[in-house]
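Enquirer: All you need for this note's numbering is the position in the sequence shown, starting with 1, plus 2. One structure, pasted below without further comment.
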Amino acid sequence: VIQSVEPKLDQCIAKKLVNWAFTPPPDNKIAKVRYPFVFAPVADPIAKLKTKTMETVATPPPQTFKKCSQIESEYSGLCVREEESGECILDEKQMGELLNLLRSSPKLPMSYLADIDKMLKNPKPTIQEGQLIIAKLAEDCWTTVHMGIWKSILHTFKMVPTHSRQAEAKEVLGERTTGLEVHSPTLLALNQDLAILDKAVESGFIKLSAVAKKDFNNIHVAAKKVPAASETTDPAKLVAMVRKELKAVKPVRTSLKEWSKKNWKKL
């Protein structure tokens, strides 16, 4: 909301807009929709409403996580990728902007877990409800966009060991791994977190003691034993598989969180 009318009204309008659908833009384009609302006094209820305008700009191929579209757009414009590695080498300003993106990006609310729990208690879900469960499980931005951001950050530190933003980046990664927000309970998100930490070790950004490395490897082994929910067109089977996956992920996620709390200051 660029110009506020009244906070409750602003929130009401924004909530309604989330469900609006517009004609998809051409491939590899992103649509920017500007839709001004002009409010008028009661004496003049018919205010002239400006028409909506759409403009398309070049952007990387679209990804499925709507909450992350702004983050990905800002991320893609921050640096030029290397041809060989496909990663970015970030200067001080770019690094600072990416770390701010990670700090301010949407976190999963507690209601997210409550919604999933409620849906998985339905013994006879419809096909539409099954699709809703899949969509709900894909809401966590960390599963794709943040993985790309961390790859570029860690690649930069590998190529520029004396980079001035290292302490700041360690603080942000520490906040992530010690569980200051609600983590997605899925196996995909857990494996992405493990992959980010693997990349951090590989790049020399963090160093593990022999004991910490052994414990971390044990978490990897436990993650590999989690039964992944496979794609199925049968909603009831999907619910059963998702229940099994989430139940198995929880102790591994807890182990990772405890490992992080125990070791992070040393790292």
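Each residue gets a CB set at the ideal place from its N, CA and C atoms; glycine is no exception. Model, not experiment: these values are computed from the prediction.
#1: Would you mind sorting L199 into buried or exposed? The rule is 16 or more other CB atoms within 10 Å of its CB.
#2: Unbroken alpha helix (DSSP H) runs of length 4 or more, entirely within the segment 185–234: which are they?
#3: So what's R245 in DSSP terms, helix, strand or just coil?
#4: Could you check the C-alpha separation between V7 and S113 for me, to the nearest Å?
#5: When the Cα atoms are used, what is the spatial distance from L248 to F218?
#6: If you draw a straight line from the alpha carbon of K153 to that of Q168, how long is it in whole angstroms?
#7: Between I135 and V244, is the Cβ-Cβ spacing less than 8 angstroms?
#8: Exposed or buried, what is L156 when buried is set at 16 or more other beta-carbons lying within 10 Å of its beta-carbon?
#9: Cβ of D119 within 7 angstroms of any heavy atom in the ligand ZN?
#10: Of the choices L103, K160, L189 and G150, whose alpha-carbon is the least far from that of A140?
#11: Can you tell me the Cα-Cα spacing of T61 and T158, whole angstroms?
#12: Any idea which residues DSSP pairs C81 with across the strands?
#13: Taking K201 as the reference, which of H148, P125 and V20 has the closest Cα?
#14: Quick check: what's the CA-CA separation for P229 versus L11?
#15: Please report the distance separating the alpha-carbon of A191 from that of V251.
Expert: In this structure, then:
#1: buried
#2: 189–204 and 212–226
#3: helix
#4: Each residue's Cα considered, the two are about 28 angstroms apart.
#5: 20 angstroms
#6: Whole-angstrom Cα-Cα distance: 14 angstroms.
#7: yes
#8: buried
#9: In the structure shown, the ligand ZN is absent, as is every other ligand, since no ligand is present at all.
#10: L189
#11: With a pLDDT of 35 at T61, under the threshold of 50, the modelled position of this residue cannot be trusted; read the value that follows with caution. Each residue's Cα considered, the two are about 23 angstroms apart.
#12: C81 pairs with nothing; no bridge assigned.
#13: H148
#14: 45 angstroms
#15: 10 angstroms
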